[in-house]
Each structure stands twice: as C-alpha cells, then as structure tokens.
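To keep things clear, I will list the structure first and then write my remarks on it.
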Amino acid sequence: MKIFTGDAADINLESFPDLYDQYVRKIFNFIYYKTHHKETAEDLTSQTFLKALKNLSQFNQKKGHFSTWLYQIARNQVIDFYRSKKNDINIEDIWDLAGNEDIPRDFDTAHRLEKVESYLKKLRPDQREIVLLRVWEGLSYKEIAKIVDKDEAQCRVVFSRTIKTIKDEMPLAVFLSLLLFFH
Amino acid sequence: MEKNIKQILEDIYLIDPNLKSKEALLLGLIQELLSARPDSQINEEFVNNLKLKLITERSKLIELKSINKNMFNLFSKKFIFTGAAALSLVILATFLTLQDRGGQLAIKYAGKEAFGAIVINSSSNNESAKNALADSNQASSLLAETGSEIAPTAPLGFGGGGGSSMIAPYPYEITNYKYVYNGGDFEVGSDQSDVYRRTNSGSVSSQLASIIGKMNLNMVDLNKFKDMKVNTMEIAEDREYGYSLYVDFRQNTLSISTNWEKWPTRESVGQASEMSDQEIIAIADNFLADYGINIKNYGQGEVQETQRYAIMKAESSSAPDIVSPYYTRDYANVIYPMVINGEQVYDQSGQKYGINIGIDLAYKRVTSAYNINTSIFESSTYTLETDVNKIIKFVEAGGTYGNYLYPDATKTVNIEVGKPERGLLLTWQWDSTKPYSSELFVPALIFPITSQDSQNYRTSITVPLIGEMPGQNDILPMPLETKSAQ
Numbered sequence: 000m001k002i003f004t005g006d007a008a009d010i011n012l013e014s015f016p017d018l019y020d021q022y023v024r025k026i027f028n029f030i031y032y033k034t035h036h037k038e039t040a041e042d043l044t045s046q047t048f049l050k051a052l053k054n055l056s057q058f059n060q061k062k063g064h065f066s067t068w069l070y071q072i073a074r075n076q077v078i079d080f081y082r083s084k085k086n087d088i089n090i091e092d093i094w095d096l097a098g099n100e101d102i103p104r105d106f107d108t109a110h111r112l113e114k115v116e117s118y119l120k121k122l123r124p125d126q127r128e129i130v131l132l133r134v135w136e137g138l139s140y141k142e143i144a145k146i147v148d149k150d151e152a153q154c155r156v157v158f159s160r161t162i163k164t165i166k167d168e169m170p171l172a173v174f175l176s177l178l179l180f181f182h
Numbered sequence: 000m001e002k003n004i005k006q007i008l009e010d011i012y013l014i015d016p017n018l019k020s021k022e023a024l025l026l027g028l029i030q031e032l033l034s035a036r037p038d039s040q041i042n043e044e045f046v047n048n049l050k051l052k053l054i055t056e057r058s059k060l061i062e063l064k065s066i067n068k069n070m071f072n073l074f075s076k077k078f079i080f081t082g083a084a085a086l087s088l089v090i091l092a093t094f095l096t097l098q099d100r101g102g103q104l105a106i107k108y109a110g111k112e113a114f115g116a117i118v119i120n121s122s123s124n125n126e127s128a129k130n131a132l133a134d135s136n137q138a139s140s141l142l143a144e145t146g147s148e149i150a151p152t153a154p155l156g157f158g159g160g161g162g163s164s165m166i167a168p169y170p171y172e173i174t175n176y177k178y179v180y181n182g183g184d185f186e187v188g189s190d191q192s193d194v195y196r197r198t199n200s201g202s203v204s205s206q207l208a209s210i211i212g213k214m215n216l217n218m219v220d221l222n223k224f225k226d227m228k229v230n231t232m233e234i235a236e237d238r239e240y241g242y243s244l245y246v247d248f249r250q251n252t253l254s255i256s257t258n259w260e261k262w263p264t265r266e267s268v269g270q271a272s273e274m275s276d277q278e279i280i281a282i283a284d285n286f287l288a289d290y291g292i293n294i295k296n297y298g299q300g301e302v303q304e305t306q307r308y309a310i311m312k313a314e315s316s317s318a319p320d321i322v323s324p325y326y327t328r329d330y331a332n333v334i335y336p337m338v339i340n341g342e343q344v345y346d347q348s349g350q351k352y353g354i355n356i357g358i359d360l361a362y363k364r365v366t367s368a369y370n371i372n373t374s375i376f377e378s379s380t381y382t383l384e385t386d387v388n389k390i391i392k393f394v395e396a397g398g399t400y401g402n403y404l405y406p407d408a409t410k411t412v413n414i415e416v417g418k419p420e421r422g423l424l425l426t427w428q429w430d431s432t433k434p435y436s437s438e439l440f441v442p443a444l445i446f447p448i449t450s451q452d453s454q455n456y457r458t459s460i461t462v463p464l465i466g467e468m469p470g471q472n473d474i475l476p477m478p479l480e481t482k483s484a485q
C-alpha cells in the first residue's frame, strides 16, 4: 500500500482508494470513541469518506494536512448526527449524552467505560480527544497535532494539564482504589 | 504497552515536573484508561464494501470531470458545436473512464450462495447443443432431398453450434480421442470457495444518454425520449490504419477492430511467418501502452496456443489451399490472462481467458483487441465438489468441453492428462429478466494435456468444482458425411 505524505500531488481522485486504505481504520476508531456504537460508527465512517471524495477538489493543502481535513469531516459528521437526533446545539458526541437510554451504545463498551466515564465526561471535547488519541490510539503528538489542528507543543500541554485535572478532581475513594489496585 | 505508558508519563513530567511525585497515581490512572479502551475492531466486510462503493462513486466523478472538461474545451476553443463533434468527445471521455475502471479490482462480498444455483453451460447440456442438433436434423433432410447421404448411424449435432454447415467431411480414419489421467494423487483442498460475478453500475450509459439527449440532430427531438440509456456505441478513427471502437455499456466491455475503410487491401500472405513470440508480444505490449489500456489485473502476454495447433493442422491438411488465412502464420493472437485474487481465468475449452490482441504479422500491426472489461465483481461462497474419483471420471469424459467416442471408430488415440492446478472457469448465468447473461468465474481444476497429437487442439481440460458434472453419454458429436457423399 502506498503511504501518503499529504502532498498536494498525492491527493486526487486517482489516489483516493489508497488514501481510504490508509485512513479507514483510524477514522472508524476516532468515530467509535465518540459514538460507542458500531453500526453508527460504520454509518458515519461511510458518510465521512463519501463526503471527502465528493469534496476532494475543495481540499486545500495550504490550509492544512489531508488528515486534519478528513478528521474534521468525521468530527462534523458525529456532531451533526447527535445534534439532529436531540435538536441541541451543545451536543458534540456520545460523551455529552452517556446515560441517555434512547441513544444506542454497545453493551460491552458501555460496561468497560463505567469506571472512567464519570471523569472523561467532564472534559472539554478537545481535551478528551487528545487524551484518547494519545492513550487509546497510542498516537504521537505530531500525529495528534494534525488531527486536532493544533501544534505539537499545544497538544503536550493540553494532555498534561488534562491528566492533572483528572487526578485533582478524582474522588478520594477512586484515588485510593487506584493506588491499592495497581500496587 | 509498558514503554508507551512510560513515554506518556515522561511527556507529562516535561510539562509539569512536580507531577513526578504522583507517579503511582498517574500510572494507575493511565492503566485504568487503557483497560477501559473499547474493542473497536472494524468489520473487514464493511471495509471492503465501502471501498467498492467509493470506487464506484469515484468513477462517476471521473466520468463527469472528463466529460465536463471535454465540453469546456469544446466551447472555449470556439469549435462549431455539432452533434457529431460532441458525440466524439463524449465517447472519448467514456472510453477513458472505462479504462480507469478496468484498472481497479473491486470485489463486494454478496453472502453465501448469493448467485443461486450455478449451471455450467458445458457442451453437453447447453441450449446451443440442442439447437445444433435440431439444425443438423434439418440439414440431414435437405441433403437427403439432394441425393447426399448422412451416415444413418452417426448421432447428429455438436456442442459448438454452427448450424447446418457444421458437418465434418468424411474422415480417412474415424479417430476416437481418449483422455487418460496419469497425474497421480491430488486434492481439491477446502470444500468452500468464492464464485465471482462481474457487475455493472450502469452510470456511464445514463450520463451519456443525458448529454446526447440535449443534442439537436435536426432529424428528431431527442429531448422527447424519456429515461434514455446508451447501450452500445461505435466510433472509428478517420486516419490511415485507423481503428473502430465498440463499447457495450450493458456488459461494460470494449473491443477494438480495424476501420476497414482506412486499411489497404491485404494481398501479401506469409511474409512474416518467422517472427518470434517475443516480437509478437512486443507488438501487443506497445499497442496496449499506446492506447492506455490498463492490464493491472492481467498476466504477461502469451501467444495463444490454439494458433499453433491450427497452423500444425493447416500444414498437415490434405487441402491447405482451402484453409482460411487466419489459420496460417500470417496472424497471431496474444492473450493477457485475466487474474482474480491470484487465480487465473480459463474458458471452457481450457484456454487462458483475458484481453485478446489479434496481430497481422505481415503488417506487424494489431488488428483487434477484445475482452477489455471492467474489474468490478461481486463474490459469493459456494460448496465445492471434492470427490476426486468423480472429478477424474469427468476429466476422462473430456471435462466441460466434452468428448465423443464414435462407436464405429477405426483408431483410438490416448491423450494423457496431468496433475491439475486451481483456476477459475468462465461461464455465463442467464437471467430471464435481463436481455443478456452475466459472466461468472467459478472455482475449477485445470488439467494440462501432457501428450499431443496434431489433430488435437486442446491444451487442457477444465473441471468446474460447482454444478452438476454431465456424463460421457450426454456429449454430442459432430455429424459425419458417409463415404458415398464424397
């Protein structure tokens, strides 16, 4: 598979199937972390790539990296999906709705997230995105910077401060259980 | 993972060194986050299906882009806009689009046994065989009226069709060819495998029709025709040694032949008979490169083997002067074998199937190119025949193409058949709701013929691993004239 650098010459209709191969799993994960529901994530991944394909001529390399553009489309698809369902302009993703029973969520995922959900929900969407991309996806700050359209240093700072915030706001009981559980 | 956690923590300390004193807690927090990571394993079937959809959408966009570009050029260069000029550009755009599609192999999985029952149209059970039999019976009646005789004991009809003219002249010897398997043990392997069916989105023909519908031909108002689609199209190059292009949008195929009005009358025969295979293949390669015909899903060019046997047969014939020049050394065909998921495709006679380039060796020019298709398929899993004894029995009966043993033969020639390889067999599926058939590519065993005879043109025997295998008694022979008819 050809690896794309994001150079303007690489991004065209001819190369789109290869771009798809390179990004489909990453975009799916990105969306899944925001929806917790595989069918919804598949649907929004499809819409993301179809939209990217149809608007490829509008992609302007001077304004950013291809992955930044693609992740922005995915982010907007998720926002549009939940806002259209709840008619509420403040909803960004499932984290703003967790606990709402009429929104589908995969049972296993909801169960796994029980312990961390309370403090991840309190984060701003951009903070949560950086934390999850760093910890769950294992991405470097360079890669995260392209996705969230910030510079690397900003991403490092946001990540460190978010982790510190979680630690500071963590209830004492959870604090102790973590210490006991991991030591 | 440990390394990753360590790196995460070090990055945090770089920003806020005071947090190092809380390492135990931070470590616990990161580990808890990691253990909460959802299982986001993507479904590979979804990945493949979406890719297929995107490739289809991309083709539509390329078509529109190409058509728009040509239309833009047409107006910007202030050409006189006539129906014919516009049509030429539309065809060019379409041709380029077909080539683009031809380069991308896309397979959408349709589920298990999604194509219904598969019937292999072998020589023994197809409609053309039955029609040929009927035609031959009519021929028999006509010949009887004119005083000729047809051997009364010879069964009539032959699977290749050809109507009443397909009557073999009285042979000096009635020879039976008997296929004998000597390839040793073999196994079919897994009892499940995929069948492929070529698909057609139909988008090109609708878009072309919408453009053509806006033209004023001064004969008829095309706007009045509703829901138009372009089914077929032909265009010719108006130059010396020009070609004609024929596009069938229903089947997404394209063929090229000489524009006979622009080629000189051919008189020379046999001038280039000593050309090597490499020289012949080079002519075909250059033609494909010159016309941008994509052969990404095809193997290297090979000179067609049947040609050699036809030449051998022509040279050994007692009446070479009546042999068609197409069976002499003046013409050659180069096949670029089609490959789907690593498996080579064969036709029912056992020849490799793919893009076929015809070359006139005297002119050293390509005269035809056909089987240029798109590469968009559906696949479906089917259960295979794995009974080796049954398969060998079918091979010895001639395989898909059949073999008839004349009851009054004066000579028997054993043709040895070697160990098989897996491949895909091209067959057709008829659908009563459509005016044309679909191409199916069915898992098959290809048995090479290891001994040759100048009268036997076959190079291999094909055995489909799906569908009913007909018995030897079902195979119909070519009708024979009797000695008194000579």
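These protein sequence lines are chains A and B, in that order. Numbering that gives the first Met the number 0 puts the first sequence at residues 0 to 182. Numbering that gives the first Met the number 0 puts the second sequence at residues 0 to 485. From the three backbone atoms N, C-alpha and C, an ideal C-beta is built for every residue, glycine too. From a predicted model like this one, the values you see are computed outputs, not experimental measurements.
Endpoints, the alpha helix (DSSP H) within which residue i is located
i, result
"Tyr195(B)", "Segment Gln191 to Arg197 is the beta strand (DSSP E) holding Tyr195(B); no alpha helix (DSSP H) there."
"Ala109(A)", "Phe106 to Arg111"
"Ile391(B)", "Val387 to Glu395"
"Pro16(A)", "Phe15 to Thr34"
Distance CB(residue i)-CB(residue j) smaller than 9 Å
i, j, result
"Met274(B)", "Lys363(B)", "yes"
"Lys107(B)", "Tyr381(B)", "no"
"Val462(B)", "Thr399(B)", "yes"
"Phe27(A)", "Glu41(A)", "yes"
"Phe80(A)", "Leu49(B)", "no"
"Ser66(A)", "Glu142(A)", "yes"
"Tyr245(B)", "Thr231(B)", "yes"
"Tyr369(B)", "Ser243(B)", "no"
"Ala113(B)", "Ile375(B)", "no"
"Arg457(B)", "Ile391(B)", "no"
"Phe358(B)", "Ala235(B)", "The sequence given here places Ile at residue 358(B); Phe does not occur at that position. Contact: no."
"Ile119(B)", "Ile465(B)", "yes"
Residue closest to residue i, alpha-carbon to alpha-carbon, out of the options
i, options, result
"Lys145(A)", "Asp92(A), Gln60(A) and Lys166(A)", "Gln60(A)"
"Asp237(B)", "Val246(B), Trp259(B) and Leu464(B)", "Trp259(B)"
"Arg531(B)", "Leu112(A), Leu122(A), Leu96(A) and Ile26(A)", "Chain B is shown from 0 up to 485; residue 531(B) falls before or after that span and cannot be answered."
"Pro16(A)", "Asn285(B), Arg57(B) and Asp359(B)", "Arg57(B)"
"Phe446(B)", "Ser348(B), Ser378(B), Ile375(B) and Asn355(B)", "Ser348(B)"
"Ser39(B)", "Lys149(A), Glu168(A), Ile165(A) and Arg24(A)", "Arg24(A)"
"Val412(B)", "Met218(B), Glu395(B) and Phe286(B)", "Glu395(B)"
"Glu239(B)", "Trp262(B), Asp284(B) and Met218(B)", "Trp262(B)"
"Leu60(B)", "Gly63(A), Ser56(A) and Val77(A)", "Ser56(A)"
"Trp94(A)", "Ser159(A), Ile30(A) and Thr161(A)", "Ile30(A)"
"Ile117(B)", "Phe185(B), Val365(B), Thr174(B) and Tyr195(B)", "Tyr195(B)"
Cutoff 9 Å: residue i Cβ touching any chain C Cβ
i, result
"Val147(A)", "This model lacks chain C altogether; the protein chains it does include are A and B."
Where the beta strand (DSSP E) containing residue i begins and where it ends
i, result
"Lys145(A)", "Looking at the DSSP string, Lys145(A) is not in any beta strand (DSSP E); the run it does join, the alpha helix (DSSP H), is Tyr140 to Val147."
"Gln343(B)", "Glu342 to Tyr345"
"Asp247(B)", "Tyr242 to Asp247"
"Gln428(B)", "Glu420 to Gln428"
"Ile445(B)", "Ser437 to Pro447"
"Ser256(B)", "Thr252 to Thr257"
Simplified DSSP assignment, three categories, for residue i
i, result
"Ser45(A)", "helix"
"Ile10(A)", "coil"
"Lys62(A)", "helix"
"Asn370(B)", "strand"
"Glu233(B)", "strand"
"Tyr405(B)", "coil"
"Tyr176(B)", "strand"
"Pro463(B)", "strand"
"Phe114(B)", "coil"
"Ile90(A)", "coil"
Cβ neighbour criterion (16 or more within 10 Å) applied to residue i
i, result
"Val416(B)", "buried"
"Ala152(A)", "exposed"
"Lys389(B)", "exposed"
"Gln277(B)", "exposed"
"Phe80(B)", "With a pLDDT of 39 at Phe80(B), under the threshold of 50, the modelled position of this residue cannot be trusted, and the question is left open."
"Thr409(B)", "exposed"
"Ala73(A)", "buried"
"Phe286(B)", "buried"
"Ala361(B)", "buried"
"Phe248(B)", "buried"
"His110(A)", "exposed"
"Ser20(B)", "exposed"
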